[in-house]
Structures are given as structure tokens and as C-alpha cells.
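Each remark here refers to the structure printed beneath this line.
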Amino acid sequence: MNYWLMKSEPITYGIDHLFKEKQCIWDGVRNYQARNFLKMMQVGDLAFFYHSNTQPPGIVGLMRIIESNIDDPSQFDPDSRYYDPKSDPQNPRWQTVKVELAEIFNAMITLERLKQNFRDDQMMVIKKGNRLSITPVEQNIAETILSWRN
DNA sequence: GCCAACGTTGGC
DNA sequence: GCCAACGTTGGC
């Protein structure tokens, strides 16, 4: 079982949206490195839900992967902002996962707190200039973060 | 709103 | 295959 961190701007899709929907397909990732991490995810993996472009940014909850290696439907939808006309339906370019909400944390675990407790070679999201929306989280780091809940 | 840090695109 | 130009992300 592996841990991950998945970013989203709450103005677009935040943890409140997921709370209402219970589960969702994590669509719209259009970066190959991030997609490669998505393809590595397995059912049962856990992912931190991270709010980006907020004041402050940080982790707001936990999700569980409930379906892996899905072809992202939005790549074939001309009305979607994530439409990719270059993606061949016979050989889709973008894969993702389906997640369910596991937990909403009582208080956000801020980026600042992560930076205070970990080095930037321990956790990708705290590296300066990092823009990857999907990143792995080492187990011991994940367990430490989970111990901060409530 | 600024801008650093990337990733992507496309001409050559 | 190089790299300049451009677009995007996301903290601040």
C-alpha cells in the first residue's frame, strides 16, 4: 500500500465537492510525470487531498483509491477544458484513478508545517518550484502526517 | 498581481 | 535533436 499527495485548487474542485459526491474520477491531469504516478496507483492506496492556490495551502483530508488505470474520459470530451484532440481513442494518452473520500481533517495541515517538519528531499511537494500535481509520499512521512490529525 | 520554475511546442 | 518562445502552476 502506497501513499500519495494530490493537488487541486478548491475553487475548481475542493474537498467539499468530494464530500458531496463521495467519490470521483480524478480527471484533468495533463502532465506526463503526474500521469505516470497516477498509473502506479493501486486500489487501496491512500492519497492526501491538498488544496493549492489558497491562503494558506495545505493538506485537508485523505482519499482512498478505489479504481486504478482508468482512461480519463475528459480527454475525449470536446466541451471539456481538458479535451485533448491529439489523444487517440485506440491508444488513450491520459490515465487516472477513481477515488473516494476517506476523511476530512479537522484542521488543515499547512504547507508551512510540512516545511517545518520535513526536508525538501523527503517530500516533493515542499520543494521550491515544484508544480507536480501528483506526488508520492514516503510511508514514514505519511504516518507522521496522519499522527497529527484531529 | 507578480514572477520563478518548469513543461510544451514548433521552427529549424 | 536543439532551443527560443510561450503557457501554466502555484507560492507569496
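Taken in order, the first sequence gives residues 12 to 161; the numbers are from our numbering.
Heads up, the beta-carbon is just placed ideally off N, CA and C, and yes, glycines get one too.
Within a Cβ cutoff of 8 Å, which residues of the same chain sit near Gln133, ignoring the five residues on either side of it in sequence? If you number the first sequence from 1, residue 133 lands on position 122. Glu149, Ile152, listed in sequence order.
Review point. Which same chain residues, not among the five before or five after Asp83, have their C-beta less than 8 Å away from its C-beta?
Key: Taking the first residue of the first sequence as position 1, residue 83 is located at position 72. Same-chain partners within the cutoff: Ile36, Asp38, Gly39, Val40, Tyr93, Pro103, Trp105, Gln106, Thr107.
Straight-line gap, Pro89 to Glu154 (C-alpha atoms, nearest Å): As a first step, residue 89 is located in the first sequence; it is residue number 78 there, counting from the start. As a first step, residue 154 is located in the first sequence; it is residue number 143 there, counting from the start. Near 41 Å, if we compare the C-alpha coordinates of Glu154 and Pro89.
Which residues mark the beginning and the end of the alpha helix (DSSP H) in which Gln150 is found? To locate residue 150, count along the first sequence from 1; it is residue 139. Segment 150-158, the alpha helix (DSSP H) holding Gln150.
Using only CA atoms, which one of Ser144, Ile145, Lys139, Glu123 lies nearest to Ile156? Position 145 of the first sequence, counting from 1, holds the residue named residue 156. Measuring from the Cα of Ile156, the nearest candidate turns out to be Glu123.
### Task
Report the option in Lys139, Trp15, Ile81 whose CA atom is closest to the CA atom of Leu73.
Taking the first sequence and counting its residues from 1, one reaches residue 73 at position 62. Measuring from the Cα of Leu73, the nearest candidate turns out to be Trp15.
**Message:** Can you tell me whether Glu114 is helix, strand or coil according to DSSP?
**Reply:** Numbered from its first residue, the first sequence carries residue 114 at position 103. Strand.
Keeping to the same chain, check which residues put their C-beta closer than 8 Å to that of Phe30; ignore five residues upstream and five downstream. Taking the first residue of the first sequence as position 1, residue 30 is located at position 19. Leu112, Ile115, listed in sequence order.
For Met119 and Ile77, believed in contact at Cβ under 8 Å, the rounded distance:
Stepping through the first sequence from its first residue, residue 77 is reached at position 66. Stepping through the first sequence from its first residue, residue 119 is reached at position 108. About 24 Å separates the two Cβ atoms, so there is no contact after all.
_Please report the straight-line C-alpha distance between Tyr43 and Lys97, rounded to a whole angstrom._
The residue labelled residue 43 in the question sits at position 32 within the first sequence. The residue labelled residue 97 in the question sits at position 86 within the first sequence. Spanning the two alpha carbons is a distance of roughly 14 Å.
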